[in-house]
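Input: a single structure, listed below in structure tokens.
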Ligand code: ATP
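Numbering (UniProt numbering), first residue to last: 12 to 249.
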């Protein structure tokens with residue numbers, strides 16, 4: 012790809028106390044791409060997303076967004092730069108309606124145009140049908156849709172998605188992946204963390220495999236689908 016880098020992680024190192032969770036990783040996400048981070052449990056995928064969104068401060072290395080350093084920038088400011096996140100475990104507000112959850116995603120705007128809500132309801136017709144329902148009573152798949160829709164209400168230029176397919180039935184997983192593709196086609200760059208390697212790689216322009224805090228291998232989705240190390244460890248083959 013010849014598009015400009017939107018996000019660049021350079022030699023990023025993150026610690027939890029004495030434990031080093033990221034051992035100097037380099038990741039580039041270009042404008043318009045879908046990039047996936049794969050890796051076993053504990054590899055550092057969630058840590059990477061939490062560091063980008065300003066919830067963790069790296070001990071060393073750089074995060075550049077649109078060419079500007081953003082490591083050390085507080086989380087609320089990172090959101091205002093156009094980096095939206097749907098966190099692991101789809102944390103919706105259970106006692107609020109679907110619509111009110113979506114409006115929470117737009118809290119940084121003084122006014123929320125109806126067209127922003129309409130755009131999310133177009134992506135997720137299921138949420139429109141259920142707009143007055145309490146979020147806590149939605150199914151797992153619907154809550155995942157709501158978490159992504161809420162992030163979209165912040166009009167992100169870069170969307171960070173942490174395991175959007177986790178715990179969902181295959182049919183719902185396919186729907187979620189197809190919506191991610193649609194969001195990307197609408198102009199939003201996507202950085203995705205997934206355990207569902209085969210489907211994520213088919214959707215991705217490029218991907219990185221993390222292993223205990225380091226990048227083991229990276230390449231296009233196609234290259235990694237064909238890579239014997241990836242096939243054996245993440246696609247259940249070999
Ligand atoms: P998973 O797929 O299980 O969510 P992951 O790739 O997202 O895994 P991380 O959650 O980033 O992995 O964890 C990376 C490493 O950092 C792990 O060894 C984990 O135990 C450790 N870790 C994560 N959070 C903390 C914390 N709050 N305190 C101490 N260690 C932590």
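From the three backbone atoms N, C-alpha and C, an ideal C-beta is built for every residue, glycine too. Keep in mind the model is a prediction, meaning the values are calculated, not measured.
query	result
Between the CA atoms of residue 216 and residue 104 - distance to the nearest angstrom	33 angstroms
Interface flag, residue 227 vs chain D, CB-CB below 8 angstroms	Looking for chain D here will not work: only one protein chain is present.
Spatial distance of residue 35 from residue 189 (CA atoms)	32 angstroms
Same chain only: Cβ atoms within 6 angstroms of residue 65, ignoring 5 sequence neighbours per side	84, 85, 86 and 89
Coarse secondary structure for residue 26, derived from DSSP in three states	strand
Residue nearest to residue 201 in terms of C-alpha spacing, selected from 29, 117 and 170	170
The ligand ATP heavy atom lying under 7 angstroms from the CB of residue 72	no
Between the CA atoms of residue 243 and residue 118 - distance to the nearest angstrom	44 angstroms
Any non-hydrogen atom of the ligand ATP closer than 7 angstroms to residue 32 Cβ	yes
Residue 173, enclosing alpha helix (DSSP H) - first and last residue	From DSSP, residue 173 is part of no alpha helix (DSSP H) but of the beta strand (DSSP E) over 169-173.
Sub-8 angstroms separation of residue 173 and residue 98 beta-carbons	yes
Proximity below 8 angstroms, CB of residue 131 to CB of residue 160	yes
Status (buried if at least 16 other CB within 10 Å, exposed otherwise) for residue 71	exposed
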